[in-house]
Structures are given as structure tokens and as C-alpha cells.
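Trainee: In this text, residue positions in the sequence shown follow our numbering: the first is 5, and each later residue adds one.
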Amino acid sequence: MRRIATPAPPTGLRRLAFRLPVLLFRAGLGGLFGGRLMLLTHIGRVSGKPRQVVIEAIEHDPATGAHIGPSGYGIRSDWYRNVVRTPEVVVRLGARPRPMTAEPLSPEEGVRLMARYGSRHPRLAGRLARFMGFEVDGGPADFEEVGRRIAFVRFVPRRPSEGRSR
Numbered sequence: 005m006r007r008i009a010t011p012a013p014p015t016g017l018r019r020l021a022f023r024l025p026v027l028l029f030r031a032g033l034g035g036l037f038g039g040r041l042m043l044l045t046h047i048g049r050v051s052g053k054p055r056q057v058v059i060e061a062i063e064h065d066p067a068t069g070a071h072i073g074p075s076g077y078g079i080r081s082d083w084y085r086n087v088v089r090t091p092e093v094v095v096r097l098g099a100r101p102r103p104m105t106a107e108p109l110s111p112e113e114g115v116r117l118m119a120r121y122g123s124r125h126p127r128l129a130g131r132l133a134r135f136m137g138f139e140v141d142g143g144p145a146d147f148e149e150v151g152r153r154i155a156f157v158r159f160v161p162r163r164p165s166e167g168r169s170r
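(1) Determine the extent of the alpha helix (DSSP H) in which R134 is found, giving its start and end residues.
(2) For D146, count the other beta carbons within 10 Å of its own beta carbon; 16 or more makes it buried, fewer makes it exposed. Which is it?
(3) Can you check which of these residues, I72, H125, V150, R55, is closest to N86 by C-alpha distance?
(4) Could you have a look at L109 and say whether DSSP puts it in helix, strand or coil?
(5) Which residue from P108, G16, T15, P13 puts its Cα closest to that of A70?
(6) What do you get for I154, buried or exposed, if any count of 16 or more other CB atoms within 10 angstroms of its CB means buried?
(7) Since R55 is in the beta strand (DSSP E), which residue starts that stretch and which ends it?
(8) Is the Cβ-Cβ distance between G172 and P11 less than 8 Å?
(9) Need the endpoints of the beta strand (DSSP E) that D65 sits in, please.
(10) Taking the straight line between their C-alpha atoms, what separation do you get for G143 and R7?
(11) Indicate the three-state DSSP secondary structure (helix, strand or coil) for S169 in the structure shown.
Quick look at the structure:
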């Protein structure tokens, strides 16, 4: 594994393309993504206003209802910094919004997560690594090293008494 680039947040037409899934979720068409993408509604750390972003759902735990997503721009990502500050979020997969709590994962958890993801979905994991600025050979060691360097967040369902839904 080697670092080939440090991804910069999109601007111009690329930013518009990245925002398109948000518009599709808002139009009630989130089911088109088949559970691969989730709409994250979080609170801006500076503005205090609701913000939305669509991120990939790379793992789901059916026993707990938790979902895990990567931060495409690492810990510099606005949504990542927002959920660290205010972890009470709403996640929508398909049409149903779910109040959740965001829990950043440790680098060690990221290693195990990316190794599992790479073994189950080698092509998607390779694309994710490249998007994050890493070149991998597809082997377990490369995916583990990428997992150590990517910021992942687990979104855990909140019980009704655990804060308000926004």
C-alpha cells in the first residue's frame, strides 16, 4: 500500500455530483441505493444547523442495527468533525430515518473492518482505497494498512430515551 494522493473535498461540478444522492434521498428515492448508501443528518459544529451528507454503508450489524461508514476525507471532513462534536445524528437507509449515535472507531478497529470489507468486496474496497488516496495490491496487508489510516464511524441506534431526534 502506498499513498498516491490526499483527496481534497470536491468543488464545482464534482461537488454537485456528490450532492445528487442527498437530493434523491430527500425526494424519497433512497431505496435506489439498495442499502449501500446512507443519508446522515448531523448538526454543524459552528452553525448549529442541521447538515446532510450521503456516505457509504460498508458494514451492518443486524443484531444491534448499527451501521459503519468511512470518512472519505478523513478526520478533516466536516461531517466527521461535526459528529465528533455532536454524536446524536439521524441516519436514513431507504425511506426510514433512524435516530443514532455516532461512535468514531479506533485505528485498530479500522484495520479489522477494512480487512473484512476487502475480503468480502475486493473491488469495492480497492475503489474506496483509491478514493481515499491509497494504491493497494488487493492483499489483506494492504487493506489492513488502509483501514488504519481511514476514519470510520459506527452509527448505533438510540433508544427513545437517549436524546431527541432531529
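Even for Gly, the Cβ is constructed at its ideal location relative to N, Cα and C.
Mentor: In short:
(1) 126-135
(2) buried
(3) R55
(4) coil
(5) P108
(6) buried
(7) 54-60
(8) Since the first residue shown for the chain is 5 and the last is 170, residue 172 is missing from the structure and cannot be characterised.
(9) 63-65
(10) C-alpha separation (whole angstroms): 16 Å.
(11) Note that S169 has pLDDT 47, beneath the 50 cutoff, so the model's placement of it is unreliable and the number below is only indicative. The answer is coil: DSSP assigns S169 none of H, G, I, E or B.
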